[in-house]
Structure formats: C-alpha cells, structure tokens
Amino acid sequence: MIKIITKQLKEKNPLIVPVYQLGTIVDDHGQMSYFYDMAKCQPLTKAESKFIKRRSGFGCTLNEKIVNFPGKKALSEFLDKAYKLKYYDLHYNNVMKYEGRYVLIDLEGFF
Numbered sequence: 027m028i029k030i031i032t033k034q035l036k037e038k039n040p041l042i043v044p045v046y047q048l049g050t051i052v053d054d055h056g057q058m059s060y061f062y063d064m065a066k067c068q069p070l071t072k073a074e075s076k077f078i079k080r081r082s083g084f085g086c087t088l089n090e091k092i093v094n095f096p097g098k099k100a101l102s103e104f105l106d107k108a109y110k111l112k113y114y115d116l117h118y119n120n121v122m123k124y125e126g127r128y129v130l131i132d133l134e135g136f137f
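Note that my numbering has the sequence shown beginning at 27, numbered continuously upward.
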C-alpha cells in the first residue's frame, strides 16, 4: 500500500493533494496503518458534489455526457483522469479543491 502511495507522490501527480508527511504505524498485532499530513483544501460546492455523485454512480462510463451541469468541463475532465488512473474510491467526499484545481484527498483509493 505504501509503495503505491509513495509512487504517486514521487511522480507529483497533480490530481493528488500535496502531502507533506507520510508515515506508518504498526500496532501490537502487526497490523500496519498509515497517516499523512496534506495541504489545506477548499470544499466543493453543492453543485460540484452533486455532479461527482452523478458521474461516479453505477453504470457511469468515461464518455457519458451529463446534462444540466453547465460549466463543469474542468470537473468532468478531472474525473475522467481519475478513472484512467484507476482510482477506485471516487466519490464527492474524496475530492476537494486546492489552488483552483480539483484534487483527490483519500490516497487509499488507489488500492
């Protein structure tokens, strides 16, 4: 798990929130957990959250055209790129805005 996260961070993937510290903790039973400190991000608007919810729903394909969401080209392109990266936990709680762009904040979505 850590290798996948480290690879994404080394590549400085612009779809991922900047991470300042990445570490691991092993409990008494040998179970490993990880933690990270990330950049401060801005929340999505309700319309953006709704758009992601519709796009990441079951049966959604990369080429699906969503109506009634004008001005969401940048968000749609971001979602397409996240799908192509094989980010498997794509929903509106895992996306925020950082410096005017959309970013993935839950690194476990790559597993």
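Glycine is no exception: its CB is placed at the ideal position from the N, C-alpha and C atoms.
Query raised in the report: What does DSSP give as the partner residues of PHE61 in its beta bridges?
Result: The residue labelled residue 61 in the question sits at position 35 within the sequence shown. Answer by DSSP bridge pairing, in chain order: GLY49.
Query raised in the report: When you compare each of PRO44, VAL43 and LEU48 to LYS29 by their alpha carbons, which one comes out closest?
Result: Residue mapping note: residue 29 aligns to position 3 of the sequence shown, counting from 1. Selected option, being the one with the closest Cα: LEU48.
Query raised in the report: Looking only at DSSP bridge pairs, what is LEU130 linked to?
Result: Taking the first residue of the sequence shown as position 1, residue 130 is located at position 104. Partner(s): ILE42 and VAL121.
Requested in this report: Give the range of the alpha helix (DSSP H) segment to which TYR15 is assigned.
Outcome: Here the chain covers residues 27 to 137 and nothing more, so residue 15 does not appear.
Query raised in the report: Do the stretch 67-77 and the stretch 117-137 meet, that is, are 3 or more Cβ pairs less than 8 Å apart?
Result: yes
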